[in-house]
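**Student:**
In my numbering, the protein residues as written are 106 to 448.
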């Protein structure tokens, strides 16, 4: 008797005599108990009778399996049901991630580039009026000027960045107000429902929307792989374009008392700015680093104003200073996810 894979499900194959002796009917399901596994040889019991099979399928002693009779002549074939097989969720998830990367990577563009090209396409005035209006509204909301330069505004931009769409839908069945990915999907649906009439602009718009959406999905996948590190593009006032933002959150449990670390890296037109914020017993310490002297001087000039804002917000500030070295994480810190994404 041999245990061989057939399709997605492995089979237990016995001779016809076993089928007649056990009086098994095609389509019936049974539970077999694995009594011994020795290399590729498996001993099990079915209807109280001891049987032996060979297999390439890893099975566990003492673990019951559900089998289904799929054939009785010329041999008895018992198909092991997939729900009774051991599942390697980590390997399965990794395979799904790799498959998604292979599909998305060749057909995506940076979000900033996608927005720039969408803006150029809007400026042509050649799109159907309904699509033109919806796209213009999306771009206006994305770069809407705001006088509120605060943590609340940063939180709003994070929540509407598109990273949270599936998570929001799983919790409330509706996206966060102004969710960027949701808006792109709505626009793509409208484009797909509009007769093209050989309009190259519509085809170009559909391609741009898909490429930008693919980049957003890649960002979500990267966040799943490294849950503590979030790479995202946000519109940062007063600029009318997107800036790269990287946020790394960790918790140091070994310290007494424990403390939190948040490292944020900004890719600005004037250079790279990195900040490290440490929170311990509700007291905040901040270190800032710039990759060039000009940016360092600009940030240094703004420190008094930043201190004042902490004071006005009633947030205890231990110190805030410029650093000569780029901030790094503390050793033995626990990585903490900024968001919980379900895709």
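Beta carbons: idealized from backbone N, C-alpha and C, even for Gly.
Just so we're clear, the structure is a prediction, and the values are computed from it rather than from any experiment.
Could you check which residue in 326, 421, 350 has the C-alpha nearest to that of residue 260?
**Tutor:** Reading the chain shown from its first residue, position 155 is the one you call residue 260. Ranked by Cα distance from residue 260, the first of 326, 421, 350 is 350.
**Student:** Please state whether DSSP places residue 376 in a helix, a strand or coil.
**Tutor:** Along the chain shown, read from residue 1 onward, the residue named residue 376 stands at position 271. Three-state DSSP puts residue 376 in a strand.
**Student:** Alpha carbons only, please: which of 395, 301, 247 is nearest the one belonging to residue 374?
**Tutor:** Counting from one through the chain shown, the residue named residue 374 turns up at place 269. Out of 395, 301, 247, 395 has the C-alpha closest to the C-alpha of residue 374.
**Student:** So, for residue 206: in the same chain, excluding its five sequence neighbours on each side, which residues have a beta-carbon less than 8 Å away from its beta-carbon?
**Tutor:** On the chain shown, position 101 is the one that residue 206 refers to. 323, 326.
**Student:** In terms of alpha-carbon separation, which member of 204, 361, 393 lies closest to residue 367?
**Tutor:** Position 262 of the chain shown holds residue 367. The residue with the shortest Cα to Cα distance from residue 367 is 393.
**Student:** Going by CA-CA distance only, name the one from 387, 353, 378, 379 that's closest to residue 364.
**Tutor:** Residue mapping note: residue 364 aligns to position 259 of the chain shown, counting from 1. When only C-alpha atoms are compared, the closest one is 387.
**Student:** Within its chain, find whatever has a CB closer than 8 Å to the CB of residue 445; leave out the 5 residues flanking it on each side and keep chain order.
**Tutor:** Numbered from its first residue, the chain shown carries residue 445 at position 340. Residue placement at residue 445 cannot be trusted, given a pLDDT of 41 that sits under 50; what the coordinates show is reported in the next sentence. These residues qualify, in order along the chain: 272.
**Student:** Would you call the region 272-286 and the region 307-314 touching, i.e. three or more CB-CB distances under 8 Å?
**Tutor:** Two segments are said to touch when three or more pairs of C-beta atoms, one from each, lie closer than 8 Å; by this definition the region 272-286 does not touch the region 307-314.
**Student:** Tell me the residue span of the alpha helix (DSSP H) that contains residue 228.
**Tutor:** Taking the chain shown and counting its residues from 1, the one referred to as residue 228 is at position 123. Run containing residue 228: 216-228, per the alpha helix (DSSP H) assignment.
**Student:** Taking the beta carbon of residue 432 as the centre, do at least 16 other beta carbons fall within 10 Å, making it buried, or is it exposed?
**Tutor:** If you number the chain shown from 1, residue 432 lands on position 327. With 16 or more Cβ atoms within 10 Å of its Cβ, residue 432 is classed as buried.
**Student:** When DSSP labels each residue in this structure, what does residue 169 get in the three-state scheme?
**Tutor:** Residue 169 sits at position 64 when you count from the first residue of the chain shown. DSSP places residue 169 in strand when its eight states are reduced to three.
**Student:** May I ask you to report which of helix, strand or coil DSSP gives residue 236?
**Tutor:** On the chain shown, residue 236 is found 131 positions in, with the first residue counted as 1. Residue 236 falls in the helix class under three-state DSSP.
**Student:** By alpha-carbon positions, which one of 210, 430, 421 ends up nearest to residue 397?
**Tutor:** Against the chain shown, residue 397 aligns to sequence position 292. With distances taken between Cα atoms, residue 397 lies closest to 430.
**Student:** Which runs of the alpha helix (DSSP H), 4 residues or longer, sit entirely within the region 281-324?
**Tutor:** 285-298
**Student:** Could you give the distance in angstroms between the alpha-carbon of residue 246 and the alpha-carbon of residue 165?
**Tutor:** Position 141 of the chain shown holds residue 246. Position 60 of the chain shown holds residue 165. Rounded to whole angstroms, residue 246 to residue 165 spans 57 Å at the Cα level.
**Student:** Determine contact between the region 286-295 and the region 232-246, defined as no fewer than three beta-carbon pairs at a distance below 8 Å.
**Tutor:** By the criterion of at least three beta-carbon pairs nearer than 8 Å, the region 286-295 is in contact with the region 232-246.
**Student:** Would you give the residue range spanned by the beta strand (DSSP E) that residue 134 belongs to?
**Tutor:** Within the chain shown, the letter at position 29 stands for residue 134. Unbroken beta strand (DSSP E) run through residue 134: 134-143.
**Student:** So, helix, strand or coil for residue 433, using DSSP?
**Tutor:** Along the chain shown, read from residue 1 onward, the residue named residue 433 stands at position 328. Correct three-state label for residue 433: coil.
**Student:** How would you write the range of the beta strand (DSSP E) that residue 423 sits in, first residue to last?
**Tutor:** Against the chain shown, residue 423 aligns to sequence position 318. Unbroken beta strand (DSSP E) run through residue 423: 422-427.
**Student:** Do residue 155 and residue 148 have their CB atoms nearer than 8 Å?
**Tutor:** Within the chain shown, numbered from 1, the residue matching residue 155 stands at position 50. Within the chain shown, numbered from 1, the residue matching residue 148 stands at position 43. Closer than 8 Å, so yes.
**Student:** Per DSSP, what are the beta-bridge partners of residue 158 in this structure?
**Tutor:** As a working note, residue 158 is residue 53 in the chain shown. The partner list for residue 158 (beta bridge, DSSP) reads 147.
**Student:** Can you tell me which residues form a DSSP beta bridge with residue 381?
**Tutor:** Against the chain shown, residue 381 aligns to sequence position 276. Answer is 368, 392, bridged to residue 381.
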